[in-house]
Amino acid sequence: MKISAFFLIYFIFNNLSFIPSGNCESNLKPPAFFSYAWPIGPDTVRDFTSIDMQSITVIDIGPDSLSYPPSVRKSYPDEIYELWHNRGKKLVRRCYDRPFGENRKKVDTFTVNDLIERWSYSMEEPGVDGIAIDEFIRDTHAFVSVWVEALRIIRAKYPDKLIFCWIAGKGLNAKELHLAIRDYADYCMPEIYYRESAAKGFPDFDFPRFREAVDILEQNAPGLTSKILLGLGVHEKLFDDVPDIDYGDFIEAQIRCISNDPVLQKLPGLAFYAPMALSQKNIGRLDELIFEYYSGR
Numbered sequence: 607m608k609i610s611a612f613f614l615i616y617f618i619f620n621n622l623s624f625i626p627s628g629n630c631e632s633n634l635k636p637p638a639f640f641s642y643a644w645p646i647g648p649d650t651v652r653d654f655t656s657i658d659m660q661s662i663t664v665i666d667i668g669p670d671s672l673s674y675p676p677s678v679r680k681s682y683p684d685e686i687y688e689l690w691h692n693r694g695k696k697l698v699r700r701c702y703d704r705p706f707g708e709n710r711k712k713v714d715t716f717t718v719n720d721l722i723e724r725w726s727y728s729m730e731e732p733g734v735d736g737i738a739i740d741e742f743i744r745d746t747h748a749f750v751s752v753w754v755e756a757l758r759i760i761r762a763k764y765p766d767k768l769i770f771c772w773i774a775g776k777g778l779n780a781k782e783l784h785l786a787i788r789d790y791a792d793y794c795m796p797e798i799y800y801r802e803s804a805a806k807g808f809p810d811f812d813f814p815r816f817r818e819a820v821d822i823l824e825q826n827a828p829g830l831t832s833k834i835l836l837g838l839g840v841h842e843k844l845f846d847d848v849p850d851i852d853y854g855d856f857i858e859a860q861i862r863c864i865s866n867d868p869v870l871q872k873l874p875g876l877a878f879y880a881p882m883a884l885s886q887k888n889i890g891r892l893d894e895l896i897f898e899y900y901s902g903r
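Numbering of the sequence shown is given in the working numbering, commencing with residue 607 and proceeding in unit increments.
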């Protein structure tokens, strides 16, 4: 028998409280669901007083003017922060693993202080609960050394703020960085994005990179699994590339795969890139799928 939508929403809002955990005082009680950008479908008025995913617990509200050049409007009225805090959501600023240059591309030469300046600027914004760093994708030794030290400092500087780290789903096997994320961040979000065209034989496809990525992270940093929000790509224009596959079915197959795996089903939640890029139909379906597969946890 299906549980009513009202009960499911009631369950989520009354069980996803914030409790101390690990090194931080702001960790989320699982399950946690992270949205890259506001979870608002194309047919919903974007005044930021309504969203289309009640299941989402953490919302990336975009970068601030210091993190992303040139200055762009990414600030919101105080009432917006108050509204979503009152509805049980946490709001985090998007920061970056490196500064941007004048050409709008990330630079390859940067210091710990460069990162701390930008990350601190976001941490100290009124109404913001933490940061989401986008994204650690290169295992260049010089980069990793700077990242590790910056994570250590930012955690010590803001022990009560949330820190989320997006990392590459493959090609980043930097044990030192994985250990730092385990020790200093609240959550690690590996990007495991599947295009429909990569799922050969779908629906008979088991999405092997989900488990492979988690196993590597746990091997490099024992205990990190408890902080992994598996990052799913739900950007319709990028990943819906086989006309004969219904994209809503494709999203459901990924969530079902995670729910059926004995290791993945124990992860503290999911992260999504990027619900705002879904059709109105599929952003609603994603919300329903989260309730369906996670309401009993």
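The beta-carbon is built from N, C-alpha and C at its ideal position, and this holds for glycine as well.
Predicted, not measured: the structure shown is a model, and the values here were computed from it.
Nearest neighbour of residue i, chosen from the options [CA to CA]
i: Ile563; options: Phe706, Leu830 and Tyr900; result: This structure does not reach residue 563, given that the chain is present from 607 up to 903, and the question cannot be answered.
i: Ile759; options: Trp772, Ile665, Asp720 and Gly902; result: Asp720
i: Ala643; options: Lys680, Val651, Leu785 and Glu898; result: Lys680
i: Asn709; options: Ala762, Pro675 and Asp789; result: Pro675
i: Ala756; options: Glu730, Lys776, Asp735 and Thr717; result: Thr717
i: Asp867; options: Asp792, Asp821 and Gly829; result: Asp821
Where residue i falls: helix, strand or coil (DSSP)
i: Phe904; result: As shown, the chain starts at 607 and ends at 903. That puts residue 904 outside it, with no answer to give.
i: Asp740; result: strand
i: Tyr682; result: coil
i: Leu697; result: strand
i: Tyr702; result: strand
i: Tyr727; result: helix
i: Gln875; result: Reading the sequence as shown, one finds Gly at residue 875 and not Gln. Three-state result, Gly875: strand.
i: Val664; result: strand
i: Glu708; result: coil
i: Tyr900; result: helix
i: Pro669; result: strand
i: Gln886; result: helix
i: Ser641; result: strand
i: Leu778; result: coil
i: Pro765; result: coil
i: Ile834; result: strand
i: Tyr793; result: strand
i: Ile646; result: coil
Contact with chain D by residue i, beta-carbon distance below 8 Å
i: Gly807; result: Absent here is chain D; the protein component of the structure consists of one chain.
Beta-carbon proximity check, residue i vs residue j, cutoff 8 Å
i: Phe811; j: Ile851; result: no
i: Glu723; j: Ala774; result: no
i: Glu802; j: Phe856; result: yes
i: Ile662; j: Ile646; result: no
Residue span of the alpha helix (DSSP H) that contains residue i, given as start and end
i: Leu783; result: Lys781 to Tyr790
i: Ser854; result: The sequence given here has Gly at residue 854, not Ser. That run of the alpha helix (DSSP H) goes Tyr853 to Asn866.
i: Pro814; result: Pro814 to Asn826
i: Leu904; result: Residue 904 cannot be examined here, being either before or after the span of the chain that is shown, 607 to 903.
i: Glu802; result: From DSSP, Glu802 is part of no alpha helix (DSSP H); its letter is neither H nor E.
Residue i Cβ short of 7 Å to the ligand NAD heavy atom set
i: Ile851; result: Among the ligands in the structure shown, none appear at all, so the ligand NAD cannot be discussed.
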